[in-house]
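Worksheet for the structure shown next.
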Ligand SMILES: Cc1ncc(C[n+]2csc(CCOP(=O)(O)OP(=O)(O)O)c2C)c(N)n1
Ligand SMILES: Cc1ncc(C[n+]2csc(CCOP(=O)(O)OP(=O)(O)O)c2C)c(N)n1
Ligand code: SF4
Ligand code: SF4
Ligand code: SF4
Ligand code: SF4
Ligand code: SF4
Ligand code: SF4
Ligand SMILES: [Mg+2]
Ligand SMILES: [Mg+2]
């Protein structure tokens, strides 16, 4: 198993956190993991992204130019990263903010109205967890429970009150896709 | 012809100037010359010295550890440099300030009561020229007249009034030795 | 309809990369307007700092020279000595000017170098992600003062502008703020005077502008304006600190 | 017969390398006497500058740390932070402190670093053979101002001590002189107070000592004392510039 | 075995330093190493340590000079332009023979350059750091775990040789997170006392920390002493690692980030039947010269891979000493991919 | 032919710069090069030039950065520790591709060291000056006349390549007096205008002097551009000199002061029948690599002679590439004598 | 009112430059600036706007222009001479 | 006076340290310090001295000690209690 994922969105959409959450969960399951942020003076207010690699062998570069999957939370990110996905790879896209269709035909696209669902849950900020849940439903690399268990280690303590909400968000994303997939 | 000379004395005794004068004169006579000061934070009030090389071939190092001649104007300089003179070399020593004898038997020693003569001429500061004159009398490498002619190029303009005095001093040193030598 | 306020000519079309609500942009506009008004765009050489304003050379539509961190006054000195008839300004942050570049600003000021310095005091290192600046306030939390700035260990909020005013070289030194339209207008007046001082050959001038960093202060742009007024202004009082001449 | 004045214990036996009549030696003696009197020789770590006093570590009979040029305050900060219970002093020339080391002294002062700085202002670079110092007087000839210091080009004699007094960090700042027995006695008092401030944990103190450089001023030692009084003192007036407390 | 934690390279350096008994940090912010000072600012106070943000890198390196002279284990960190500003101070620290650890999380230059990972400071780190004949001992970790291990070890090596040690990483290593295990923390109070340190001459001869030697003979003696020390370092401190080298005919020589990416290229090449392995210098100074030379009988071609225009390649060529061709692959400003190295290996392997 | 004057090396540099049209000097005093600023302070005002004593070497190199960006021919000079402080600024100048001349009159380090002549900054000058992949073009004069000729030439080379040039001398060359001839002075007003300089965007697009490139691709492009420039420099600017090499079996490789002392040793050795000659690199970067390689068929052994613990020897070994043994003789802190080199030559020549 | 076909705008925003900081909103003395809720620019910001119906209310005080850090605002005023 | 064999010196100079700067000479209120004309120390300086005959005149003001940059001077005073 070797999975390379890029997660991208506006600064503040929480893509870094879901990346760390995924990496941490991988580590708990005994896998090799790496997490690598894009860093530095990104244009302020521009996009943020990180790369996570989860693998059962040693990880060479924590960067990738041909990810297996991308999770994109806004349009600039979709424009930038969906062309990079491997043939046959996966794009999880946030349809709440992205109207545009992914132009490629050779990748699988999972559409998640993440902000809307998050709003339903009462907090836009968990849109990221919904995206991650959706991703995890499709890519069976890490157990959803491991991810939930990891929340308390990854979220800063002051946000621990929000763990149940985050769990719910993960579930919602997860279920959404499981349904879609089973429908298919 | 290849002559390496070290001139040494207290700071202020003018050893740098006679070195430059000698080098300049050598250049005017078409010889290769170099002048090299000891530089840097010598202990303040310690000794100053410079090395002059006059040669009809190219000069490799402007330094020497075995000079052909040394001109020493004070005791620390005599202690330091007279042991370095080549076998058969020359030590010109300022007996006005140095009572101690040069201990080596394998070098020629010329004794010059430079300060006394300078005082006779009315200015202690020309003791250096007396030493140089004495040296030139023994080592026939550069014409005394060339040296005199060079004074105006080497002395800073504000001291040009003292050129006649300097010439006299050169002469006195020169004569002193010519006499000694002819007496011998 | 007649245009009464619009994008100044001396700015390029490039969008600022600053964070939403960051008053770096405000000060850029003021400088550009002054270049327009004094008609000096083609005579001016600006020196950009290392700091959030590092890309200032993409915004000002005049010749620009990027400096190394803190050394803008030295770079500007090199330029001004070669072109004494041109207008040279530096634009520096508080890390740039008041920390690493302390020696350079002190000596440019002391030499009375005929340049104009714009000093953006936002009490933080913006570009590098919110470390303590020498101007950071007592108790202020930053990534390098996570428990709040403790004066005993991390020193006092430094009064660079007061300090420089003691020197003989400067002609005009003032502190202004960019947190309200009224203060922004005043800031422009001071900045314009500083440029005029240079044009008149009066020597070094410096305008410190209290500025916001909503991102690294961790608050909304609006709240940043209030924070500036409430907490920064008492420590860094506004006004002229040195003025060798009245420019009408 | 009883000894009433003699070579202090806190000096080694080494002869000073200073030029005849150079008051660096005088200040060395004062510091050593103070170490004797406060009985702190074994508690003290001195930081030597790069300048004529570069060999100070051979003279003071306490632990000594040679700094790089201008950075004595930073070196001292490193030492003091490791040994907050020891006495740390720096000894710096005007080139060292007021030129290359400007940033370091400003920030050590501003941090209120609990050290004592002795600042020897002799209006020249002694060690390197008489170049302009930032404190060189207007019109003074040096090897780098051969036509006399011209303020327009070479800047103003810098008032470091006044400038540092503006900061919040320092506890005691004074300017004294070493040109007469009377002034030397006063200098000692100020120096002792500065050390006492440190012992009392009051933070940064600095004593500027007007000092002579007969060699590079090109005059006799005696004349140097007069030159100091006549020309330096008016530009650098003596007195306490900052004092947060009276030490009895 | 200690528990694994997921940690950023930069923060892991900080934690390793603290566990090595380092209680003093002096530094100045610069991307991409800002997590180090931030970590130290957060954690050192918990250990009664001192974090001080210096006014500049120049000041920081001189604070380190002072603190190291006073006998403390002390850390500073920066990135390329900041390291250039520390140059003079580091030369003093080396000249005065003081121990300290300097971290350089390299970014791409020259000048302001960019903040992308790079290995463009190899020459600076290993040869021309500053004026005079001195060397730092330079460690080049390639994983977050190694950042930890070599930082920790670095403090020991620095103390043993009384010499500055550099941990040379890059923006990628500093910014990435990987699982890592820590060693047991050391109590600084139990470290051997440094008899030479300036901590007040109570009941002993005075100590002087110094790098000045005015008399030529003294100066030469000071330099000879250093030279002899470096000989000992060369004899004892070389570290390197080999990967799939047993039957290799091509050897990639790479360190740090370049090495980890190269392993992937090597695996890919091996799949295609190209006999290639990796030699990874872990110490860049002392360089594994003999170790590389020893492979010359077996290896037919060397490929040096760096994120620079080619710096370490000189040391590789010096080691190989003309016996085999040494080729170069490098990019800078941009982190290359295993595929790119693979292409070069195919090209090289093709004419076997 | 111009008249010969007897001049100190340092002052001769100043005069050569002025004759090359340099009207700006920014520097900070340091022994043993203080005659350069003193000369400039005295002479520049006579040519409407500007002498400015900067507050530090850091400031000086940034003043040079500004003045060079404004289109002027500009000089700075220092000695070893001061050069270390200029490192960051020089990296910016190289990154922004600006011309200037930097003189290093080397003294012996590390740290404060001493003020004795040395060649211990070779690595710094040619390889690791500062962070990032850049090079200065480095001239190594060995006589006062060459100080003049190469300083003068340096301004041209700097302008042609828009790159900093270093004139690398040492305390001996700087302090000694020798007869020297000067070229006709150049009028700076007649130099070609630098279209890229920041002198006010009157009637043209704005000019920007900069070394920042945030996007990885831009950053790589900037570095590639530099790399290509250095290739041109290597192809066109190598300078070296040979002495009694025709039938030599041993070649001494030495530069600057070491080279001039070595000539004497060679003459002495020749008298004893040892077939030895000299290869003297005049440019240290670009290094006469091909030129040395070309001698390998004839030369049986090389002896590198330096006032250091051995720095240039690496470049010599890289050039020789294992074909012949390369030995080393060096002292530092102390200027060696021809006799010492002779002894080594006898030892080497003995087993012929 | 019926005579006018399009609103003559007194307050024009460069929406692509706008970063939605809302600083202009607060300083408008006649409270006509608001954040557009129906659109985002390409950087993801909801730009500020003065609705057509409020354009006339602008008193040309320039406060918003002064305050906008991103220099997004162009202001027009009826020509006095008309 | 005849009782004393050797002069009990009140002002003692470390002649090897002395650099002949003459600063002590000027500050002595009773004018007893002078430069030795008959000797030089090993550094070539003529040291300062108080001639034996003047030793008694010293009023122990310590001016010379204060002024001497090379800390050459040791001062003694008759014991008060005598
Ligand atoms: C020599 C050097 N040191 C450190 C840095 C990193 N650095 C870049 S900007 C900056 C400080 C920015 O703060 P400030 O000057 O206050 O500007 P702001 O971003 O707040 O406007 C620092 C430390 C650098 N680029 N170069
Ligand atoms: C980095 C560096 N720059 C310059 C020097 C040369 N230098 C040595 S001492 C000195 C100045 C000395 O002047 P000051 O500090 O006034 O001390 P003084 O000798 O007058 O007592 C200089 C420039 C140096 N050693 N290191
Ligand atoms: S980080 Fe702060 S100073 Fe920098 S652009 Fe953002 S708000 Fe402005
Ligand atoms: S050069 Fe000046 S400061 Fe230095 S020792 Fe001599 S007199 Fe004193
Ligand atoms: S100019 Fe004044 S009234 Fe008009 S929109 Fe702006 S702030 Fe409101
Ligand atoms: S102030 Fe400018 S950037 Fe901010 S919301 Fe208003 S128009 Fe947009
Ligand atoms: S102590 Fe006073 S009286 Fe006695 S010798 Fe000294 S200066 Fe003269
Ligand atoms: S003051 Fe001291 S050094 Fe000077 S002459 Fe008197 S005793 Fe000698
Ligand atoms: Mg700031
Ligand atoms: Mg001084």
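Residue numbers (my numbering), protein chains in the order written: chain A, -15 to 168; chain B, -15 to 168; chain C, 1433 to 1680; chain D, 1433 to 1680; chain E, -3 to 348; chain F, -3 to 348; chain G, 41 to 122; chain H, 41 to 122. Each residue gets a CB set at the ideal place from its N, CA and C atoms; glycine is no exception.
{"Check": "Using beta-carbon positions only, say whether residue 108 of chain E and residue 1612 of chain C come within less than 8 Å of one another.", "Outcome": "no"}
{"Check": "Run the proximity test for residue 1532 of chain D: is its beta-carbon closer than 7 Å to any non-hydrogen atom belonging to ligand 10?", "Outcome": "no"}
{"Check": "Is any heavy atom in ligand 10 found nearer than 7 Å to the beta carbon of residue 1504 of chain D?", "Outcome": "no"}
{"Check": "Quick check: the region 1433 to 1447 of chain C against the region 1611 to 1629 of chain C, are there 3 or more CB pairs under 8 Å?", "Outcome": "no"}
{"Check": "Do residue 187 of chain F and residue 17 of chain F have their beta-carbon atoms positioned less than 8 Å apart in this structure?", "Outcome": "yes"}
{"Check": "Alpha carbons only, please: which of C:1653, C:1648 and C:1634 is nearest the one belonging to residue 1484 of chain C?", "Outcome": "C:1648"}
{"Check": "Would residue 141 of chain B be called buried (16 or more neighbouring beta carbons within 10 Å of its own) or exposed?", "Outcome": "exposed"}
{"Check": "Do you know how far the Cα of residue 1451 of chain D is from the Cα of residue 1642 of chain D?", "Outcome": "16 Å"}
{"Check": "In chain order, what residues of the same chain lie with their CB nearer than 7 Å to the CB of residue 26 of chain A, ignoring the 5 residues before and after it?", "Outcome": "The predicted position of residue 26 of chain A is uncertain, since its pLDDT is 48 and thus under 50; no value can be drawn from it."}
{"Check": "Rounded to whole angstroms, what is the Cα-Cα separation between residue 347 of chain F and residue 272 of chain F?", "Outcome": "Confidence at residue 347 of chain F is low in this model, with a pLDDT of 49, below 50, so its placement is unreliable and the value that follows should be read with caution. Each residue's Cα considered, the two are about 14 Å apart."}
{"Check": "From which residue to which residue does the alpha helix (DSSP H) around residue 66 of chain H run?", "Outcome": "63 to 67"}
{"Check": "Can you name, in chain order, every residue of its own chain whose Cβ lies under 7 Å from the Cβ of residue 122 of chain H, other than the five neighbours on each side?", "Outcome": "A caution first: residue 122 of chain H carries a pLDDT of 49, below 50, which makes its placement in the model unreliable, though a value can still be read off. Closer than 7 Å at the Cβ level, and outside the excluded window around residue 122 of chain H, lies no residue."}
{"Check": "Quick check on residue 47 of chain A - is its C-beta less than 8 Å from some C-beta in chain E?", "Outcome": "yes"}
{"Check": "Name the chain D residues whose beta carbon is nearer than 7 Å to that of residue 110 of chain H?", "Outcome": "1448 and 1457"}
{"Check": "So with Cβ pairs under 8 Å, would you call residue 1478 of chain C a contact of chain E?", "Outcome": "no"}
{"Check": "Which of helix, strand or coil does DSSP assign to residue 203 of chain B?", "Outcome": "No information on residue 203 of chain B is available, as it lies outside the stretch -15 to 168 that chain B covers here."}
{"Check": "Near residue 154 of chain E, what residues of its chain come up, given a Cβ to Cβ distance below 7 Å and the 5 sequence neighbours on each side ignored?", "Outcome": "95, 96, 97, 160 and 161"}
{"Check": "Quick one: residues in its chain with C-beta nearer than 6 Å to the C-beta of residue 39 of chain A, no 5 flanking neighbours on either side, listed in chain order?", "Outcome": "-14 and 16"}
{"Check": "Since residue 125 of chain E meets chain F, which of its residues come closer than 7 Å, beta carbon to beta carbon?", "Outcome": "124"}
{"Check": "Taking residue 1563 of chain C as the query, report the chain E residues whose CB atoms sit under 8 Å from its CB, ordered along the chain.", "Outcome": "25, 30, 33, 34 and 49"}
{"Check": "Would you be able to state if there are at least three C-beta pairs under 8 Å between the region 41 to 58 of chain F and the region 1516 to 1525 of chain D?", "Outcome": "no"}
{"Check": "Return yes when the C-beta of residue 24 of chain F is under 7 Å from any heavy atom of ligand 10, and no when it is not.", "Outcome": "no"}
{"Check": "Check the Cβ-Cβ distances between residue 1553 of chain D and every residue of chain C, and say whether any is below 8 Å.", "Outcome": "no"}
{"Check": "Please confirm whether any heavy atom of ligand 6 lies closer than 7 Å to the CB of residue 136 of chain G.", "Outcome": "This structure leaves residue 136 of chain G out entirely; chain G is present only between 41 and 122."}
{"Check": "Under 8 Å, with one C-beta from each stretch per pair, do the region 177 to 197 of chain E and the region 0 to 19 of chain E reach the 3-pair mark?", "Outcome": "yes"}
{"Check": "For the region 137 to 154 of chain A and the region 66 to 82 of chain A, state whether three or more C-beta atom pairs, one from each stretch, are separated by less than 8 Å.", "Outcome": "no"}
{"Check": "Do you know offhand how far residue 1 of chain A's Cα is from residue 108 of chain A's?", "Outcome": "15 Å"}
{"Check": "Inspect the CB distances between the region 1509 to 1516 of chain D and the region 75 to 82 of chain E and report whether three or more fall short of 8 Å.", "Outcome": "no"}
{"Check": "Kindly list, in the order they appear in chain D, the residues whose Cβ is closer than 7 Å to that of residue 203 of chain E.", "Outcome": "1495"}
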